[in-house]
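If you're matching them up, the sequences are chains C and H in order.
Using this note's numbering, you'd call the opening residue of the first sequence number 1 and step up by one each time.
Using this note's numbering, you'd call the opening residue of the second sequence number 1001 and step up by one each time.
Data block below; observations after.
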Amino acid sequence: MAAREKVLALQAEVAQREEELSFLKQKLAAALLAEQEPPLEHLDPLSPLPPKAALSRDEILRYSRQLVLPELGVHGQLRLATASVLIVGCGGLGCPLAQYLAAAGVGRLGLVDYDVVEMSNLARQVLHGEALAGQAKAFSAAASLRRLNSAVECVPYAQALTPATALDLVRRYDVVADCSDNVPTRYLVNDACVLAGRPLVSASALRFEGQITVYHYDGGPCYRCVFPQPPPAETVTNCADGGVLGVVTGVLGCLQALEVLKIAAGLGPSYSGRMLLFDALRGHFRCIQLRIRRPDCAACGERPTVTDLQDYEAFCGSSATDKCRSLQLLSSEERVSVTDYKRLLDSGAPHLLLDVRPQVEVDICCLPHALHIPLKHLERRDAASLKLLGEAIGEGKRDTQPGAAFSIYVICKLGNDSQKAVKILQSLTEAHELDSLTVRDVVGGLMAWAAKIDRTFPQY
Amino acid sequence: MAAPLSVEVEFGGGAELLFDGVKKHQVTLPGQEEPWDIRNLLVWIKKNLLKERPELFIQGDSVRPGILVLINDADWELLGELDYQLQDQDTILFISTLHGG
């Protein structure tokens, strides 16, 4: 028995050491890449990929399953080996896309991402692992792809794509994949592709849905033909607010890889001038016919006005990230910090804390003394919710000095919805639908609470 | 006098959230003097289906930028946009474009 235990203990130790070693190797790979990275403004010229006349024995074995496809064959594989693809965004779409392109033997992959790996990325951004949290996504992706296929040249660019750099970068690659997460970047990538004459394989995903199409391919429409005007910033939902299922970005990233491979191998894409809509919840794929190229398009039309890259954040009225926006709807007197709210809570002063997040987020975490009424219910002046609120106020007032205004503090995840709710409650007070109240919101919401007051409170 | 029309109105890409989360609506448009086109379908939708924040769906007499309109799965731009005259059994899809990744 003793011998058996020793074997098991040694096996466990070996496994642990191996895990530590693999963790260190990943860190080293990313650190080595970071060391080599040139600044984007003055890129070293990339040497053109050498033409390839034949496949080696190893390559034949490695790619054998796709080589026997008559549509691809040796000819297609040789084209893939000399093709270069620029991937804008190494997130939920970019990871599976890059993974399949590297696996299939595409010659060179440019990987653009300014962001760093966070734990909340790992459920969908499958090239990144726990070991590289906090490291640049471009390096993390490159390290991961090198482990998969060392013959593929990965060029990480751990910086934002900007109007100053985009055109030069796009010109260095044959095909561009838009895997970004914000509207200004989508217009920037489109315009750079039109100016450089590159096909653009574009996908996006949110919640349980995804969309994919190919722009500016062989006389087909570009992004601006279909969307001449950007959407109002307040109508755009990011993945942090709306949520997204990792498999959905995975499916879309794989479809994007498929379109890139077909273009690179000379087979031609399927979704130029068409858009595939994927509804994961209903299990529907639906292909729609897009408009043809617009002769009056500002980018690809007959008299283009976009002859140079512009200020896309100004054009779209939003920033080129998917980070949550901070609204400023209230004056500073109408707001309290989490520190001040904590002090008030500890003093035992009578008040009501109103949590206006949707129920699905309240289920994730909440402060136990809060009353929950979703913002949506307040917006539509839901009678049952207002009754509940009136009762809670009545109960709270019993402990307040007669005549004194009762205090309500409104909280949400980040401090945007709480400001909207304060506005609504103020209008209800003015219309005498509710008694006289002092209503304030908590700046930064529960995520500020988690960061500054209670480190054990979940972040999401 | 145009006869009543039976059409399918669909919302996707998050646009359905302005319609109580319901994606598919089988609707009957009542008979009226003028033929039904997309312009007056939008007015009808605003009055009969839209549950909240119309500014997130309508802008002026059209849809807001960022919403694609598909008539029987074809971009409305190919079919006359607001002036397209609805036919019985048409499917009109309003899809909000996604930007996440």
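Just so it is clear, CB atoms sit at the ideal spot from N, CA and C, and this is done for glycine as well.
Note that the structure is a prediction, hence the values are computed from the model and not measured.
Check, Outcome
"Segments of 3+ residues assigned as beta strand (DSSP E) that fall wholly inside the segment 151-215 of chain C", "153-157, 175-178, 200-206, 209-215"
"First through last residue of the beta strand (DSSP E) which encompasses aspartate 279 of chain C", "274-279"
"Contact set between glutamate 954 of chain H and chain C, taken where Cβ atoms lie within less than 7 Å", "A query on residue 954 of chain H cannot be resolved here, the shown segment of chain H reaching from 1001 to 1101 and no further."
"Proximity of valine 74 of chain C and leucine 55 of chain C at Cβ, strictly below 8 Å", "yes"
"Contacts of glycine 1080 of chain H in chain C (Cβ-Cβ under 8 Å)", "Correct list: empty, because the minimum Cβ distance to chain C is about 12 Å."
"Buried versus exposed call for asparagine 1113 of chain H [16 or more other C-beta atoms within 10 Å across all chains shown]", "This structure leaves residue 1113 of chain H out entirely; chain H is present only between 1001 and 1101."
"The segment 344-351 of chain C touching the segment 260-276 of chain C, judged by at least three CB pairs closer than 8 Å", "no"
"Extent of the continuous beta strand (DSSP E) to which arginine 108 of chain C belongs", "108-112"
"Cβ-based neighbour list, lysine 1051 of chain H, same chain, cut-off 8 Å, excluding 5 preceding and 5 following", "Leu1018, Phe1019, Asp1020"
"Any beta strand (DSSP E) of 3 or more consecutive residues that is wholly inside the segment 373-407 of chain C", "none"
"Minimum Cβ-Cβ distance from isoleucine 1095 of chain H to chain C less than 8 Å", "yes"
"Simplified DSSP state of alanine 299 of chain C, which is helix, strand or coil", "coil"
"Pairwise C-alpha distance: aspartate 311 of chain C and aspartate 191 of chain C", "12 Å"
"Chain-ordered residues of the segment 177-189 of chain C with a beta carbon less than 7 Å from chain H", "Cys179, Ser180, Asp181, Asn182, Val183, Arg186"
"Contact set for serine 1032 of chain H: own chain, Cβ-Cβ below 7 Å, skip 5 residues either direction", "Per the sequence presented here, residue 1032 of chain H reads as glutamine, with serine not at that position. Correct list, in chain order: Ala1002."
"Cross-strand partners of glycine 1012 of chain H (DSSP beta bridge)", "H/Ile1095"
"Near-chain H residues of the segment 241-254 of chain C (beta-carbon distance less than 9 Å), N- to C-terminal order", "Gly242, Val244, Thr249, Leu252, Gly253"
"Cβ-Cβ separation, aspartate 355 of chain C to histidine 377 of chain C (assumed contact under 8 Å), whole Å", "Not confirmed; about 12 Å, so no contact."
"Interfacial residues, the segment 1025-1055 of chain H to chain C, with Cβ spacing under 9 Å", "Lys1051, Glu1052, Arg1053, Glu1055"
"Cβ of alanine 280 of chain C within 8 Å of any chain H Cβ", "no"
"Which of helix, strand or coil DSSP assigns to cysteine 90 of chain C", "coil"
"Buried/exposed call for glutamine 419 of chain C, threshold 16 Cβ in 10 Å", "buried"
"For cysteine 287 of chain C, the three-state DSSP class (helix, strand or coil)", "strand"
"Rounded straight-line distance, which links the Cα of aspartate 174 of chain C to that of glutamate 1016 of chain H", "38 Å"
"Under the three-state DSSP convention, the category tyrosine 63 of chain C falls into", "coil"
"Exposed unless 16 or more other CB atoms sit within 10 angstroms - verdict on lysine 119 of chain C", "Correcting the residue identity first, residue 119 of chain C is methionine in this sequence and not lysine. Counting Cβ neighbours within 10 Å, methionine 119 of chain C comes out exposed, since fewer than 16 surround it."
"Residue range of the unbroken beta strand (DSSP E) whose run includes threonine 438 of chain C", "437-442"
"C-beta contact flag for arginine 186 of chain C and tyrosine 223 of chain C at 8 Å", "yes"
"Selected residue, minimal CA-CA separation from cysteine 300 of chain C, among C/Pro199, C/Leu252, C/Asn238, C/Tyr341", "C/Pro199"
"Contained beta strand (DSSP E) runs [length at least 3] in the segment 1028-1077 of chain H, N- to C-terminal order", "1067-1071"
"Distance, alanine 104 of chain C Cα to leucine 49 of chain C Cα", "17 Å"
"Opening and closing residue of the alpha helix (DSSP H) in which leucine 346 of chain C lies", "Residue 346 of chain C is actually aspartate in this sequence, not leucine. Looking at the DSSP string, the run of the alpha helix (DSSP H) that includes aspartate 346 of chain C is 338-347."
"Same chain, Cβ closer than 8 Å to valine 1063 of chain H, five either side skipped, listed in chain order", "Leu1042, Phe1057, Val1069, Phe1094"
"Residue environment, aspartate 115 of chain C, which counts as buried when at least 16 other CB atoms sit within 10 Å", "buried"
"For leucine 354 of chain C, the first and last residue of its enclosing beta strand (DSSP E)", "352-355"
"Closer than 7 Å at the beta carbon, the chain H residues around threonine 235 of chain C", "Leu1056, Arg1064, Gly1066"
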